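Taking it in order: structure first as structure tokens, then the write-up.
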Amino acid sequence: MNKRKIVVSSNSGFCFGVKRALDIAQAALKKKGKVYSLGPIIHNPQVVRDFSEKGLKIVKDINRAVPEKAAFLIPSHGINPEALLNKKGACIDTTCPLVSRVQKIVKDLRRRGYLTVIVGDRKHPEVKALAGIAGRNSVVLKDRKKAGALKLESKKIAVVSQTTASFSSFKEILSEIAKKDFTELVSFNTVCRNAIDRQKEAGRIAGRVGAMLVIGGRQSANTSRLADTCRSVNKNTYHIESGKNLKRKFFKGKKSIGIATGASTPPDAIKEVVKKINEATTYGAKRRKSCGRIDP
Ligand code: F3S
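Numbering (our numbering), first residue to last: 534 to 829.
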């Protein structure tokens, strides 16, 4: 009987920044019992649920919702430090060091009078924080089209990117900005190496399998980028949060299935998906009675 081939990207599971954030949060919860977090610590619903059961309470406004002197946590994607100017209490900073580096670059660019172009998604917390640090002399761009139409009110321009932005979007926007009138143009490739490697490998796998599964939170920027990358080479690409979202039609008749994950996807999520696929039918055969619950 034929068995489906499953190819799992070697760049799967937590990146070092996410792992570091979870380790810090775990240690803080052990010590303090209850900690407040400004938004989810990472963008993965299973992990967030797990940590909330351990005492991590998500709040929207750290100044209003956190009792005075209570311990509070800065999530891995960082916040604008100005939001904490009057905040007392123990601050547990889990900002990824690569995100902190972009924040420092942007702060310095502001001090030196550059107009900062931030490549990324304006609704993402990392970009909101960067835009806050950059101040009024900044603009957020997601795609090349908007960059072409943009009128820049400064001759000193700098371009940086969200750490989990698409590297190709960063290069496209940079080349559009380079066509404009300027006296100085500086750029910093601040796309995380881990995110670039994930995108490259996932794209390679997607190009040689029948269907591609990208596992990760719907709110996770880097997972969405991965899914976009895979979809551009394989239209049978599906973004799922866990094995619960797996449908038989995703891999029906496919001899090979690729799997890639976002940087905030726990390794257990991959095991669950692989197990469910293996328990389901082999390609071309009828569904076995004993297979795991996979919605049609
Ligand atoms: Fe940091 Fe890159 Fe992960 S920016 S949180 S190591 S995806």
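Each residue gets a CB set at the ideal place from its N, CA and C atoms; glycine is no exception. Predicted model, so just to flag it, every value in this text is computed and none were measured.
Applying the 10 Å Cβ sphere with the 16-neighbour rule, what's the burial state of residue i?
i	result
phenylalanine 549	exposed
serine 570	buried
glutamine 559	exposed
glycine 646	exposed
arginine 537	buried
serine 609	buried
Please report how far the alpha carbon of residue i lies from the alpha carbon of residue j, in whole angstroms.
i	j	result
glycine 736	serine 543	13 Å
serine 687	valine 673	15 Å
asparagine 769	threonine 756	16 Å
glycine 546	aspartate 714	43 Å
glutamate 586	lysine 620	25 Å
serine 720	leucine 683	17 Å
serine 789	alanine 739	10 Å
glycine 786	aspartate 594	49 Å
arginine 764	leucine 746	10 Å
lysine 640	asparagine 722	16 Å
Can you give the beta carbon distance from residue i to residue j, rounded, assuming they're within the 8 Å contact cut?
i	j	result
serine 694	glycine 668	Serine 694 to glycine 668, Cβ: 18 Å. No contact.
arginine 731	alanine 796	7 Å
alanine 664	alanine 604	In fact, because the Cβ distance is near 27 Å, the residues do not count as touching under 8 Å.
asparagine 613	alanine 662	4 Å
Taking the beta strand (DSSP E) that residue i belongs to, which residues open and close that run?
i	result
leucine 718	717 to 720
isoleucine 591	589 to 592
isoleucine 666	Premise fails: isoleucine 666 lies in the alpha helix (DSSP H), 658 to 667, not in any beta strand (DSSP E).
valine 747	744 to 748
What does residue i pair with, by DSSP beta-bridge criteria?
i	result
valine 692	Val650 and Ser720
cysteine 725	According to DSSP, cysteine 725 bridges with nothing at all.
isoleucine 539	Ile790
isoleucine 803	None, per the DSSP bridge assignment.
phenylalanine 605	Tyr569 and Cys624
Identify the continuous alpha helix (DSSP H) that holds residue i and give its terminal residues.
i	result
alanine 760	754 to 766
leucine 707	700 to 710
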